[in-house]
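Asker: Sequence order for the protein chains is A and B. Here my numbering is used: the first residue of the first sequence is 1, the next is one more, and so on. Here my numbering is used: the first residue of the second sequence is 1001, the next is one more, and so on. Note that the Cβ used here is the ideal one computed from N, Cα and C, for glycine as well. Let me begin by handing over the structure; questions about it come next.
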Amino acid sequence: MESGGSDQGSRFSVERVFGIALAILSLVCIFNLSSSSYLVFWDEWGPGPSWLPYVLSGILLVLSVFLIVPRSRTTFAQLGASPPGTVKYIVLVLALAWAFPVIGGLLSLCLFVVIEMVWVEKNKWSIAIATGLISTVVVWVIFVKLLGVNLPLGPFGT
Amino acid sequence: MDILQAFINVLNPTTLLFIFLGVTLGELVGVLPGISSPAAVALLLPTTYALAPINGLAMLAGIWYGSSYGGIITSVLLNIPGEGDSVISTLDGYQMAKQGRGSLALGVSAFGGFIAGTIALIALQFVGPSVAKLAVRFGPQEYFGLMFFGLALVSWLSGKSILKGMVSCALGLLIGTVGGDIVSGESRLTFDQNVLLDGIGFVPVVVGLFGLGEVLHTVGEQLDVSGKTHFSFRGLFPRKGEWSPSIWSTLRGTVMGFVAGAIPGVGPTNATFIEYAVEKGLSKTPEKFGTGALEGVAGPGAAGHAGTIAGMVPLLSLGIPASGTAAILMGGFIIHGLFPGPLLYREHPDIVWGLIASLYIGNVMLLLMNTLLIPFLVWIVEMARPYIAPLIGVLTLIGAFCLNNNPFDIWLAICFGILGYIFRIGGFPLAPMVIALVLGRKAETGLRQSLQMSGGDFTVFFTRPVSAALIALAVMVLLVPLVSPWIRRLRSRP
């Protein structure tokens, strides 16, 4: 089972960190299934509702061990730094998800476009505001008018 | 229903508009690095739920194969492959462009793509119904065997590591089990959250994994378009001695692409690499490959186009998506209450044949675009780059929200976006996960129905030859790569 990279036995690697997360997820799923007493594992007809999730959690747990054990790995350093905008973009998307039902769908989408273009893409404010307004109008026409999506309305009615 | 009737049905202004929209968007996605065809199909999937099924599906399919054409333009002129199946075109295509023969490379790709696409569609027209007729006789054991084999192949072939493919596949299957049980309706893995009772929605997962995940991987990167080269319409057509080798390469590429593209996990990208090796092996002047050989552009280009269309065979006839994009397209069918598989030909022939007719029409549209609009498409690459990231963010979040009008789906899409980013940086393939997600419930139904018939006896899968063969093959596919290093090590010991 080969994997990318070549840093032998590195302590921190993408595979190892993901493997640990996967092992925790598998254990959480197994715990949740075992605590759901109404879910049958096996009855006279064959496998019950919890059989497949148990099997899959078990398989994932075994596979996560293969990811965790020291082998030739892709280290974070080998991958190079993340693209400069990744963290900023995640912050903005999280802010948008929070603002979407609070200040309204269209206003939050417009603000997201403007701030993303200035903060992440390093564009001028004028270009960002124009793009934000145009994209909001396009979203309104396609999603609200044509597709009939009910976007949440905020205090400003947008 | 025959193909002529299907043409009459789709030749109306509305459907033609959606085919045009699909292939145009596909073309743009193809030329724009930073957004792939699965991402584009995933992002536009939610917009199709309000459309007539044939219009929505024709648009999504148009994006899928349109992107395969567009990617070659930037590969040849800018040395920037827009899609995976156009990476190989940079080797000889860009060299040709540097020698002033870029127009010829694009002309051969466009005409070759049209020929390959048309032949592949004719093959799809005949192979698809035959496979469906065969599959209609399948019972739950065969269905489970088929899906198990398909998932094993995808896990093996989608990435560089079978371990990572298996992780991706198992995770997709586990996510698919969240929600009500298919037999008893009891809730599983919902952690007492009412929003999870209906399971984890397919749309938030795919827009997150493919849309947001991709933009997180590329946001803020600067695109170097300094390699821009000269293009002329006159140079699109091969000269006298150049027709023959490019036509034979195109035909070989079509066959290779169609065969490889129909196998789950192989797909058009791998088909282009295999075809490049075939062309080089057959050539009398293999040393010219990599320095601007016309066959190095024609063969792989044709293989890419034929491979994309061949992906429709397992999807429409068996309900098995051969790639991540096919799985998302399958989601488009399911949104409209249509379930791809052998019964689709019988129950909804208007949709199947209408979709095939739309592919023929889209193929002609793409030929025109790829010969007349090349300068415009290159201009788009330079202009549109800064607007892609905010656009994808907006489409991801609104796309996740709009199916159920539920803000929780937005948070789901963000979680899967971050997971998609981790998958990309860690080299985990996304295709097995999304295929497993879309097939998981069907596979579980086949498994549990078979075991209920036999009172829980697993040997039921080996009582019928087709299911026995498929399961044995799937186990081999999964075990051989895992066991072979151990065997090699044992053999090398004195």
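(1) For B/PHE1007 and B/THR1015, what's the separation of their Cα atoms in angstroms?
(2) Have a look at B/VAL1255, B/LEU1209, B/GLY1267 and flag the residue whose alpha-carbon is nearest the alpha-carbon of B/ILE1035.
(3) What residue range is occupied by the uninterrupted alpha helix (DSSP H) comprising B/TYR1421?
(4) Can you tell me whether A/GLY46 sits near the ligand GTP, meaning its C-beta is under 7 Å from at least one heavy atom of the ligand?
(5) Out of curiosity, what's the CA-to-CA distance linking B/LEU1060 and A/SER35?
(6) Looking at the secondary structure, which residues open and close the alpha helix (DSSP H) in which B/MET1365 lies?
(7) What do you reckon, are the CB atoms on B/GLU1083 and B/SER1467 nearer than 8 Å?
(8) Among B/GLY1165, B/VAL1255, B/TYR1360, B/LEU1032, which one has its Cα closest to the Cα of A/LEU60?
(9) Does the beta carbon of A/PRO155 come closer than 8 Å to any beta carbon on chain B?
(10) Count the CB pairs spanning the segment 86-106 of chain A and the segment 122-132 of chain A that are closer than 8 Å, and state whether there are at least three.
(11) If you measure between the beta carbons of B/SER1358 and B/GLU1295, is that distance less than 8 Å?
(12) Can you check whether the CB of A/GLY48 is closer than 8 Å to the CB of A/LEU56?
(13) Would DSSP call B/PRO1432 helix, strand or coil?
(14) Which residues, in chain order, does the segment 1146-1177 of chain B contribute to contact with chain A at a C-beta distance below 8 Å?
(15) Considering only C-alpha positions, which residue in the set A/ASN32, A/PHE31, A/TYR54, A/CYS29 is nearest to A/PHE41?
(16) For the candidate residues B/PRO1013, B/GLY1257, B/GLY1292, B/GLY1026, whose alpha-carbon lies nearest to that of B/MET1369?
(17) Could you name each continuous beta strand (DSSP E) segment of 3 residues or more that falls completely within the segment 1129-1184 of chain B, going from the start of the chain to the end?
(18) Would B/TRP1486 pass as an interface residue toward chain A - the criterion being a Cβ-Cβ separation below 8 Å?
(19) Between the Cα of B/TYR1360 and those of B/LEU1043, B/ILE1115, B/LYS1288, B/VAL1076, spot the shortest distance and give me the residue it belongs to.
(20) I need the straight-line Cα distance from B/GLY1307 to B/ILE1274, nearest angstrom please.
(21) On the DSSP bridge assignment, give the partners of B/SER1187 in chain order.
(22) Can you give me the C-alpha to C-alpha distance between A/LEU124 and A/GLU116, rounded to a whole angstrom?
(23) Let me confirm a value: B/PRO1485 is counted as buried when at least 16 other C-beta atoms fall within 10 Å, else exposed. Which label applies?
(24) Please confirm if A/ALA97 has its CB atom under 8 Å from at least one CB of chain B.
(25) For A/TRP42, which beta-bridge partners are listed by DSSP?
(26) Note down, one range per segment and in chain order, each alpha helix (DSSP H) of at least 4 residues found wholly within the segment 1265-1295 of chain B.
(27) In whole angstroms, what is the alpha-carbon distance linking B/ARG1424 and A/GLU15?
(28) Who are the Cβ neighbours of A/PRO152 in its own chain at under 7 Å, not counting the five residues just before and after it?
(29) Is there a Cβ of chain E sitting closer than 8 Å to that of B/TRP1379, yes or no?
(30) Contact criterion: CB-CB distance below 8 Å. Does A/SER57 meet it with respect to chain B?
(31) Under the three-state reduction of DSSP, which class applies to B/SER1492: helix, strand or coil?
(32) In three-state DSSP terms, what is A/LEU147?
(33) Using a cut-off of 9 Å between C-beta atoms, extract the partners of B/THR1272 located in chain A.
(34) Determine, for A/ILE30, whether the minimum Cβ-Cβ distance to residues of chain B falls below 8 Å.
(35) Note the first and the last residue of the continuous alpha helix (DSSP H) segment covering A/ALA15.
(36) Which chain A residues are close to B/LEU1451, counting only those with a beta carbon under 7 Å from its beta carbon?
Answerer: With the structure as the only source:
(1) Within the second sequence, numbered from 1, the residue matching residue 1007 of chain B stands at position 7. Within the second sequence, numbered from 1, the residue matching residue 1015 of chain B stands at position 15. Their backbone Cα atoms lie some 11 Å apart in a straight line.
(2) Residue mapping note: residue 1035 of chain B aligns to position 35 of the second sequence, counting from 1. Here the closest residue by C-alpha is B/LEU1209.
(3) Start at 1 with the first residue of the second sequence, and residue 1421 of chain B comes out as number 421. Start and end: 1407-1426.
(4) The ligand GTP is not among the ligands present in this structure, which contains no ligands whatsoever.
(5) For this step, residue 1060 of chain B is matched to residue 60 along the second sequence. For this step, residue 35 of chain A is matched to residue 35 along the first sequence. About 43 Å.
(6) As a working note, residue 1365 of chain B is residue 365 in the second sequence. Taken as a continuous stretch (DSSP letters only), the alpha helix (DSSP H) holding B/MET1365 covers 1349-1372.
(7) Here residue 1083 of chain B is taken as the residue at index 83 of the second sequence, counted from 1. Here residue 1467 of chain B is taken as the residue at index 467 of the second sequence, counted from 1. Contact flag unset, no.
(8) On the first sequence, residue 60 of chain A is found 60 positions in, with the first residue counted as 1. Looking at the Cα atoms, B/GLY1165 is the closest of the given residues.
(9) Position 155 of the first sequence, counted from the first residue, corresponds to residue 155 of chain A. It does not; no Cβ of chain B falls within 8 Å.
(10) no
(11) Within the second sequence, numbered from 1, the residue matching residue 1358 of chain B stands at position 358. Within the second sequence, numbered from 1, the residue matching residue 1295 of chain B stands at position 295. Result no, Cβ atoms of B/SER1358 and B/GLU1295 do not sit closer than 8 Å.
(12) Within the first sequence, numbered from 1, the residue matching residue 56 of chain A stands at position 56. Within the first sequence, numbered from 1, the residue matching residue 48 of chain A stands at position 48. In this structure, A/GLY48 does not lie closer than 8 Å to A/LEU56 by Cβ.
(13) Taking the second sequence and counting its residues from 1, one reaches residue 1432 of chain B at position 432. Helix.
(14) LYS1160, SER1161, ILE1162, LEU1163, LYS1164, MET1166, VAL1167, ALA1170, LEU1171, LEU1173, LEU1174, THR1177
(15) One-based indexing of the first sequence puts residue 41 of chain A at position 41. Among A/ASN32, A/PHE31, A/TYR54, A/CYS29, the Cα nearest to that of A/PHE41 belongs to A/TYR54.
(16) Reading the second sequence from its first residue, position 369 is the one you call residue 1369 of chain B. Here the closest residue by C-alpha is B/GLY1026.
(17) none
(18) Reading the second sequence from its first residue, position 486 is the one you call residue 1486 of chain B. No, B/TRP1486 lies away from the interface with chain A (no Cβ there is under 8 Å from its Cβ).
(19) By one-based count along the second sequence, residue 1360 of chain B stands at place 360. Residue B/ILE1115 is the option with its Cα nearest to B/TYR1360.
(20) Start at 1 with the first residue of the second sequence, and residue 1307 of chain B comes out as number 307. Start at 1 with the first residue of the second sequence, and residue 1274 of chain B comes out as number 274. Approximately 12 Å between the Cα atoms of the pair.
(21) Locating residue 1187 of chain B in the second sequence gives position 187, counting from the first residue. For B/SER1187, which the question treats as bridged, DSSP gives the partners B/GLY1180.
(22) For the purposes of this step, residue 124 of chain A is identified with residue 124 of the first sequence, where counting begins at 1. For the purposes of this step, residue 116 of chain A is identified with residue 116 of the first sequence, where counting begins at 1. Correcting the residue identity first, residue 124 of chain A is Lys in this sequence and not Leu. Cα to Cα, A/LYS124 sits roughly 11 Å from A/GLU116.
(23) As a first step, residue 1485 of chain B must be located in the second sequence, where it is residue number 485. By the neighbour-count rule (16 or more Cβ atoms within 10 Å), B/PRO1485 is not buried but exposed.
(24) For this step, residue 97 of chain A is matched to residue 97 along the first sequence. Chain B contact via Cβ: present.
(25) Against the first sequence, residue 42 of chain A aligns to sequence position 42. A/TRP42 pairs with A/PRO47.
(26) 1267-1282
(27) Within the second sequence, numbered from 1, the residue matching residue 1424 of chain B stands at position 424. Within the first sequence, numbered from 1, the residue matching residue 15 of chain A stands at position 15. When rounded, the distance between both Cα atoms is 12 Å.
(28) Reading the first sequence from its first residue, position 152 is the one you call residue 152 of chain A. Only PHE100, PRO101, GLY104, GLY105 meet the Cβ criterion.
(29) No chain E appears in this structure, whose protein chains are A and B.
(30) If you number the first sequence from 1, residue 57 of chain A lands on position 57. Yes, its Cβ sits closer than 8 Å to a Cβ of chain B.
(31) Counted from its first residue, the second sequence places residue 1492 of chain B at position 492. Helix.
(32) Looking up residue 147 of chain A in the first sequence gives position 147. DSSP places A/LEU147 in coil when its eight states are reduced to three.
(33) To locate residue 1272 of chain B, count along the second sequence from 1; it is residue 272. Those do not exist, as B/THR1272 stays about 21 Å from chain A at its closest Cβ, beyond 9 Å.
(34) On the first sequence, position 30 is the one that residue 30 of chain A refers to. No, A/ILE30 lies away from the interface with chain B (no Cβ there is under 8 Å from its Cβ).
(35) In the first sequence, the residue the question calls residue 15 of chain A occupies position 15. At residue 15 of chain A the sequence reads Glu, which differs from the Ala that was named. Per DSSP, A/GLU15 belongs to the alpha helix (DSSP H) from 14-35.
(36) Position 451 of the second sequence, counting from 1, holds the residue named residue 1451 of chain B. Near B/LEU1451 (Cβ distances below 7 Å), the residues of chain A are GLY46, PRO47.
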